[in-house]
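Number of protein chains: 2
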Amino acid sequence: MSRKKDILNEALKLFNSTNTQCQSTNHIASSLGISPGNLHYHYKNKEEIIRLLYSNMKEESILSVSDLPKTIEQLNEHLKVLIAIQWKYRFFFKELLFLLSKDKQLDSLYKEDNINHFQRIKISIENFVDSKQLRNLNIEELEYITNSILLTWQFYSSHLQTLNIKFDKNTSIKLIEHTNSILNAFKIKE
Amino acid sequence: MSRKKDILNEALKLFNSTNTQCQSTNHIASSLGISPGNLHYHYKNKEEIIRLLYSNMKEESILSVSDLPKTIEQLNEHLKVLIAIQWKYRFFFKELLFLLSKDKQLDSLYKEDNINHFQRIKISIENFVDSKQLRNLNIEELEYITNSILLTWQFYSSHLQTLNIKFDKNTSIKLIEHTNSILNAFKIKE
């Protein structure tokens, strides 16, 4: 594995174990047993490391439009993958707004991706209507469900935290359950 | 108005205009034209100021159990008041998790209050069932609706921000609309 990749993995480990503020590039270098100069040869600053971690996370999680779930069962399979990715990059979700406020470039990137994410969730929900799993929805209902699912994806782990429920591999199932409850209210009863 | 109160109001103004990290106690003192020593006579540190702002916000927003909304119309009236309070203390919602991570005392306080808040929302929803505005709910549905409403209250303004929608006095209505959409799915159709 390359030195550049080593640094990225070490940073991810350290960010997840505490938070990004506690971990300077000097800490990351020292934890790897390399000099700060060596780290800065690969990365200009901490923001560059965080942006690369974000872009890796995005690559691991994104589906092409043709692969978007056609049924709620497929959505649940996809959510299991996403939950694992959210756990792997958990520092990012924990600090989301703070990180965006610290780096204008990350802020633009994330918001653009997120607006696309919103559209892709909407397409998935329309798929569930087409496959007769959900009843026909008016525009407001479609907007509401899409917002609810994206809100859950971005902030449900934080929400659990504010109720003193630790978000870990076991409780992450609650995020999937909540998403299913959103959809349940619009399901065609069999 | 007392000096102690002046400092609190100035801090709130400065926190809302940027964020808490950019504003040291020295900045707050200088903005008021007083010495740092004078500020520290009233407040030990920034955390103490933030905790007092939080406790004021709580006092302004809390309802006694007997005053909890009995109908969805009463909920909407209460939400209008809450939205104004959320706007007044907007820095707090914007930085929620970051502030909790910075101050263990605030963290315990907030989580305890939030768990109570969860219970109070649950009682309100049961009121709507009693007043025949919502259909009978099973335990999972009641938990789901309560979590959804609290999630919306805590993070909907942040969610809008991640979609590049500025949260202001005008868009705050979206938080009320979203809350109503959560309940709509369980309404008894007339």
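One line per chain: the protein sequences are A and B, in this order.
The C-terminal position of the first sequence is numbered 190 in this note's numbering, with every residue numbered one higher than the one before it.
The C-terminal position of the second sequence is numbered 380 in this note's numbering, with every residue numbered one higher than the one before it.
Note that CB positions come from ideal geometry on N, CA and C, so glycine has one too.
Quick caveat: nothing in here was measured; it's all calculated off a predicted structure.
*Between the stretch 320-342 of chain B and chain A, which residues of the former have a C-beta closer than 8 Å to a C-beta of the latter?*
Contact annotation: in the stretch 320-342 of chain B, residues whose CB is within less than 8 Å of a CB in chain A are Glu330, Glu331, Tyr334, Asn337, Ser338, Leu340, Leu341, Thr342.
*Please name the residue in Lys194/B, Asp358/B, Ser347/B, Asn328/B whose C-alpha comes closest to that of Ala185/A.*
It is Asn328/B.
*Specify, as a first and last residue, the run of the alpha helix (DSSP H) that Ser245/B falls within.*
Ser245/B -> alpha helix (DSSP H) spans 236-251.
*Output the distance between the C-alpha atoms of Leu242/B and Phe98/A, rounded to the nearest integer angstrom.*
A direct Cα-to-Cα measurement between Leu242/B and Phe98/A gives close to 22 Å.
*Can you find a CB in chain B that lies within less than 9 Å of the CB of Leu79/A?*
The beta carbon of Leu79/A sits no closer than 9 Å to any beta carbon of chain B.
*Below 8 Å on the Cβ atoms is my guess for Ile125/A versus Thr146/A; work out the distance and round it to an integer in Å.*
Between Thr146/A and Ile125/A the Cβ distance is about 6 Å, and since that is below 8 Å, they are a contact.
*the stretch 253-286 of chain B: which residues have C-beta closer than 8 Å to a C-beta of chain A, in chain order?*
Using a CB distance below 8 Å, the part of the stretch 253-286 of chain B facing chain A consists of Lys284, Glu285, Leu286, ordered along the chain.
*Cβ of Ser291/B less than 9 Å from any chain A Cβ?*
Cβ-Cβ to chain A under 9 Å: yes for Ser291/B.
_Less than 9 Å between the beta carbons of Thr162/A and Tyr300/B, yes or no?_
Cβ atoms of Thr162/A and Tyr300/B: closer than 9 Å.
*Name the DSSP bridge partner or partners of Asp377/B?*
The sequence shown places Lys at residue 377/B, not Asp. In DSSP, Lys377/B forms a bridge with Leu324/B.
_Helix, strand or coil for Pro69/A? Go by DSSP, reduced to three states._
Looking at Pro69/A - three-state DSSP - the assignment turns out to be coil, as it is neither helix nor strand.
*asked:* Suppose you measure from the CA of Ile34/A to the CA of Ser157/A; what does that come to, to the nearest Å?
replied: A direct Cα-to-Cα measurement between Ile34/A and Ser157/A gives close to 34 Å.
*Do you know offhand how far Gln211/B's Cα is from Asn360/B's?*
Spanning the two alpha carbons is a distance of roughly 27 Å.
_Lys169/A in three-state terms, based on DSSP_ = For Lys169/A, the three-state secondary structure derived from DSSP is coil.
_N-terminal and C-terminal residue of the alpha helix (DSSP H) that Asp103/A is part of_ = Counting along the chain, no alpha helix (DSSP H) covers Asp103/A, and no H or E run does either.
_Cβ neighbour criterion (16 or more within 10 Å) applied to Ile339/B_ = Buried, since its Cβ has 16 or more Cβ neighbours within 10 Å.
*Classify Glu285/B as buried or exposed, calling it buried when 16 or more other Cβ atoms lie within 10 Å of its own Cβ.*
When all chains shown are included, Glu285/B counts as buried.
*Where does Glu10/A land, buried or exposed, given buried means 16+ other C-beta within 10 angstroms?*
Residue environment: Glu10/A is assigned as buried (16 or more neighbouring CB atoms within 10 Å of its CB, all protein chains considered).
*Verify the CB distance criterion: does Ile305/B have a CB-CB separation below 9 Å to chain A?*
Cβ-Cβ to chain A under 9 Å: yes for Ile305/B.
*Of the residues Asp168/A, Lys58/A, Lys189/A, Arg3/A, which one's Cα is nearest the Cα of Glu112/A?*
When only C-alpha atoms are compared, the closest one is Lys58/A.
_Chain-ordered neighbours of His368/B on chain A, where CB pairs are closer than 9 Å_ = Going along chain A in sequence order, the residues near His368/B (Cβ under 9 Å) are Tyr144, Asn147, Ser148, Leu151.
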